[in-house]
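Read top to bottom, the protein sequences are chains A, B and C. Numbering-wise (this note's numbering), the first sequence opens with residue 6 and increments by one. Numbering-wise (this note's numbering), the second sequence opens with residue 40 and increments by one. Numbering-wise (this note's numbering), the third sequence opens with residue 1205 and increments by one. Positions of the beta carbon are idealized from the N, C-alpha and C atoms, including for glycine. Here the structure is a predicted model, which is why all the values come from computation and not from measurement. For reference, the structure is listed below as structure tokens.
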Amino acid sequence: MSPSHTEVWLSRSLWLLASSAVALLLLIFLFLINESRLAVVDAHWLRFFNSPGWFPSAGQFNLWPMLLATVLATVGALALAVPMGLAAALFVSFFAPAPLATTFRRLLMLLAGIPSVVYGLWGLTVLVPLITRVAPPGASLLAAMLILAVMILPTVALTSEAALRTVPVNYWRGGQALGLSAQAILLKIALPAARTGIVAGVLLATTRALGETMAVLMVAGNVVQVPGSIFDSVRVLTANIALEMAYATDAHRASLYVSSLMLTLVVVAIVLLGRRLEAKQ
Amino acid sequence: MTAWRSLASRRYSDHVLGALVWLSAAIIAGFFVWLLADMASQGLERVSWDFLTTEPERSGRRGGIAPMLVSTLVVLAITFVVAVPLGLATAIWLSEFTRANSPSAAAIRFSLDVLAGVPSIVYGLFGSAFFCVWLGLGYSLLAGGLTLACMVLPILIRTSEAGLAAVPDDWRQGAAALGLTRWAALRYLLLPAAAPALTAGLMLGIGRALAETAVLLFTSGYVDRMPASWLDSGRVLAVHIFDLSMNVTGGDQAAYGTALVLLALLLVVNGLAIALSDRWLARRITHA
Amino acid sequence: MRVSVLIALCWSLPLISVSATAADANKLTLTGSSTVAPLALDLGKRFEKLNPGIRVDVQAGGSSRGLADARAGLADMGMVSRALKPEESDLSSYVLALDGITIILHKSNPVKALSNEQIVAIYTGQISNWKTVGGKDLPITVVNKAEGRSTLELFLQYFKLKSPDVKAQVVIGDNQQGIKTVSGNPGAIGYVSIGAAEFEEEDGTPIKLLPINGVAATVANVRNRSFPLSRPLVLVTRAPATGLTKRFIGFAQSRHVYDLIQDQFFVPVAH
């Protein structure tokens, strides 16, 4: 089937539009790199890992504790949100009667649209005092994990549910014909068949958790330290940028941009990891 | 969908799975009710017709949120007028017009995945530097809408593309065999089949757009006046909630009231989006 | 066809920007401290009512942003929530109001007062349990402000501390975050704006204000200058104010706006 004139033209213009995505990403990287210049000249970049701590006024910019906090908070959030999100997807797709399923899906969509500041407020006024009763200060890594889990759960649930809906019916009919249990059909046939969509959703959720600022800032405690337990106060990279950007100049400001760059590179690493996982299966 | 329930659940493992799923759903629903009750108990009494139609007074502690509603709607409109056509076009290109191993497609997909993960604060800084300063838009609803479009685009594209990719290839081949053009196959066959993913992506995009605070504070600004044009600075609902709860003394009640209005807006916009996508993709071809 | 539409759009953008800047002669832009911003909004609204055709736009961004924008001419006035430092004396500053800073504890904390030495010891981590200062057997949760905030700088200056000396368990950004943190934690201690704390206390939030050096933390005591910890809220301009900017500053410093200032729980200053 040889492409017609219009089709070629259509294809070309679509390609142009699509490439704007690459252009945008490059632009953002250039922007970050440009703003980070000051902090990395003269091999100063070493101090991002060597300094005694994060004391910008004294020229000390150790990013390690905050990077660790970011990763831990995200991993913890995923550990909670992925199983529950998948369960929610299964609930809407297979377990709930139609009217309940529609209502629940609407509920998930609502949860997805609640501003981070509202989650943060709830976390600060309800969750943190609860945790305080167990172990002060309350504002902690645990609070950050819980609030992040709540925030990314709808993403996992909605994308997984959409993916499950596209699984053709003959897949499970075959399973039923073979006399498989419902559990086997769902877990071993339906979920794997929907895995592209699910992985895409989990990836989206991971990077969302990495980049969340407002809510974590309100509940994590924001002390720059390597946490000894999940009840310790931590500061994630995004909260750091939000707290200090408005008041930073020169080297301090450039260092904040370096941490933005670092975060973006972590995202790149995760995307590559996701690709590797997909390829393996 | 409900056909699944015809599976006879006699095995123990089935009961366990069922129990876990229902438990998870109950926890999620329970949390939502808790959150909603918290918001309603503190802010419901503020919500009234006046609240929706008057301007704020005394930094928002009195008066209403009309300018914020308008600003939010304008920003949302700009975001989706830009992002939906662009996003759909890109998703279609990625899914239908590229070979499996095309390097440019791989580069674009990679960029999109990374863009979807860039922290919102980076978008705020970038949007402010690029749209407000470099392009000279200043603090404006337009700058805010364009920056949000950049944020929402990757989500829309990836979910739409995943949806299109899930449609089996034999459908495309069948369409070709019947002599349908690419465009006709897309319009009547593939897009409707991918509709659930497209809608999910749209929902996520809308949710994300309404929820963003820091980005809009840096790009569309803090001004709480009714905007006269899309080049004016304007405060969106999320920024208003932030200011009232974190910055203004005594603004808590108004903050929760605004949050409830935002939730209602989300319901309405989501409902509209579902209705529209159902209509445009009306000729659905179900899997049965 | 699509390309030509794009080109047309690009050409029209500068035109739109030009028409926007043409209105500048009747527009005032203020940027800076988020503490001053709500007050500036209220002032701006009332000024607009009294002077139809004038627009006052307020943007946030922090005190440093306000200083930078005023210096670079990006804003007509910068909002700053502290007195200017010597190296900033090239700018002109105009005081709008005073804001005091108070130490707050949870309402259930039996401690009624703390000496300056005790406060320093608590904030540097030497005292870590409330029973040491006559309270319950409860670990102290020290709440500190993030770097760069004027409130932090004032606090450090008064208690003669340096930023790395402070050992905090929670670091907060805005006043309200501080109030909400302390009100949710019986063992917490923090410092916030007096006006905000007074309002919250009266409103029923479970916090209480501690006196400093025996002087009770009230807005009244800030007004009669007996309370030691206070800071001015100022507007800064690149050069001594003229024209519309001067009219606005005159208005903002007049008696006509005392009610707006007090509404934000700040203290008006007689000029």
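Sequence-distant residues of its chain with Cβ nearer than 6 Å to residue i (five each side left out)
i                 : result
SER1297 (chain C) : LEU1288, VAL1438, VAL1440
SER98 (chain B)   : VAL287
ALA214 (chain A)  : THR79, ALA82, LEU153, ILE157
ILE38 (chain A)   : none
GLU200 (chain B)  : ALA130, LEU133, SER134
LEU282 (chain A)  : none
LEU187 (chain B)  : THR118, ALA248
ALA204 (chain B)  : SER134
ALA1264 (chain C) : SER1238, ALA1241
Cutoff 9 Å: residue i Cβ touching any chain B Cβ
i                 : result
GLU249 (chain A)  : no
PHE1403 (chain C) : yes
ASP1303 (chain C) : no
GLY1339 (chain C) : no
VAL1262 (chain C) : yes
PRO1242 (chain C) : yes
ILE246 (chain A)  : yes
ILE152 (chain A)  : no
TRP14 (chain A)   : no
SER41 (chain A)   : no
Reference residue i, options the options, closest by Cα
i                 : options                               : result
GLY273 (chain B)  : B:SER63, B:LEU59, B:VAL109            : B:VAL109
THR198 (chain B)  : B:ILE313, B:ALA76, B:LEU127           : B:LEU127
GLY118 (chain A)  : B:VAL307, B:LEU315, B:SER316          : B:VAL307
THR164 (chain A)  : A:ILE33, A:TYR176, A:GLY184, A:LEU209 : A:LEU209
ILE246 (chain A)  : A:SER56, A:THR212, A:ARG178, A:VAL263 : A:VAL263
VAL131 (chain A)  : B:LEU75, B:LEU187, B:VAL275           : B:LEU75
VAL122 (chain A)  : B:ALA223, B:ALA79, B:SER284, B:SER63  : B:SER284
MET1281 (chain C) : C:PRO1290, C:ARG1269, C:GLU1291       : C:ARG1269
ILE1308 (chain C) : C:SER1387, C:SER1434, C:GLY1454       : C:SER1387
ALA195 (chain A)  : A:ARG178, A:VAL207, A:GLY206, A:PRO88 : A:ARG178
Any chain A beta carbon closer than 9 Å to residue i
i                 : result
PRO1390 (chain C) : yes
ASN309 (chain B)  : yes
GLU84 (chain B)   : no
THR1345 (chain C) : yes
THR366 (chain B)  : The structure shown has nothing for residue 366 (chain B), since chain B only spans 40 to 327.
SER1267 (chain C) : yes
ALA1212 (chain C) : Residue placement at ALA1212 (chain C) is poorly supported in this model, since its pLDDT is 46, which falls under 50; the coordinates are not used for a value here.
Residue range of the unbroken alpha helix (DSSP H) whose run includes residue i
i                 : result
MET250 (chain A)  : From DSSP, MET250 (chain A) is part of no alpha helix (DSSP H); its letter is neither H nor E.
ALA168 (chain A)  : 146-170
ILE119 (chain A)  : It is not in any alpha helix (DSSP H) - ILE119 (chain A) carries neither H nor E in the DSSP assignment.
SER41 (chain A)   : 10-45
MET1283 (chain C) : No alpha helix (DSSP H) holds MET1283 (chain C); the beta strand (DSSP E) holding it covers 1281-1284.
LEU85 (chain A)   : 69-95
heavy atom of the ligand COA below 8 Å from residue i C-beta
i                : result
ALA140 (chain A) : Absent from the structure shown: the ligand COA. Ligands present: none.
Residue i, enclosing beta strand (DSSP E) - first and last residue
i                 : result
ASP1303 (chain C) : 1296-1310
ASN55 (chain A)   : Unbroken run through ASN55 (chain A) is the alpha helix (DSSP H), 52-55; no beta strand (DSSP E).
TYR1395 (chain C) : 1392-1397
C-beta neighbour in chain C for residue i, strict 9 Å
i                : result
THR11 (chain A)  : no
THR137 (chain A) : yes
LEU242 (chain A) : no
MET265 (chain B) : no
MET285 (chain B) : yes
7 Å Cβ shell around residue i - same chain, five flanking residues per side excluded
i                 : result
ARG85 (chain B)   : GLN292, ALA293, GLY296
VAL224 (chain A)  : GLY125, GLY128, LEU129, LEU132, VAL133, ALA144, ALA148, ALA149, ILE152
THR1385 (chain C) : VAL1347, VAL1374, ILE1376, ALA1392, GLY1394
ALA79 (chain B)   : LEU299
CYS171 (chain B)  : GLY177, TYR178, ALA182, THR258
PRO1415 (chain C) : ALA1317, ALA1421
Beta-carbon contacts of residue i that lie in its chain and below 8 Å, excluding the five residues immediately before and after
i                 : result
ILE194 (chain B)  : ALA155, GLY240, LEU243, GLY244, ARG247
ILE280 (chain B)  : THR252, ALA294, THR297, ALA298, LEU301
ARG170 (chain A)  : SER98
ILE1258 (chain C) : ASN1230, LYS1231, LEU1232, PHE1251, GLU1252, LEU1448
Within chain E, partners of residue i - CB distance below 8 Å
i                 : result
GLY1352 (chain C) : The chain inventory of the structure shown lacks chain E, comprising the protein chains A, B and C.
TODO: Identify each residue in the stretch 105-134 of chain A for which the Cβ-Cβ distance to at least one residue of chain B is less than 7 Å, and report them in chain order.
DONE: Correct list: PHE109, LEU112, MET114, LEU115, LEU116, ALA117, GLY118, ILE119, PRO120, SER121, VAL122, VAL123, LEU126, TRP127, VAL131.
Open item on the list: Any C-beta of chain A within less than 8 Å: which residues of the stretch 1369-1385 of chain C qualify?
Closed with: Answer set for the stretch 1369-1385 of chain C: ALA1372, GLN1373, VAL1374, VAL1375, ILE1376, GLY1377, GLN1381, LYS1384, THR1385.
Open item on the list: For the stretch 204-216 of chain A, list every residue whose C-beta sits within 7 Å of some C-beta in chain B, in sequence order.
Closed with: Taking 7 Å as the upper bound on Cβ-Cβ separation, chain B lies near residues ALA205, LEU208, LEU209, THR212, LEU215, GLY216 of the stretch 204-216 of chain A.
Task: Residues of the stretch 131-143 of chain B with Cβ closer than 8 Å to any Cβ of chain A, in chain order - done: ILE131, TRP132, LEU133, PHE136, SER143
Task: Near-chain C residues of the stretch 151-181 of chain B (beta-carbon distance less than 7 Å), N- to C-terminal order - done: Closer than 7 Å at the C-beta level to chain C, one finds these residues of the stretch 151-181 of chain B: GLY175, TYR178.
Task: Contact residues within the stretch 58-72 of chain A, judged by C-beta distance below 8 Å to chain B - done: none
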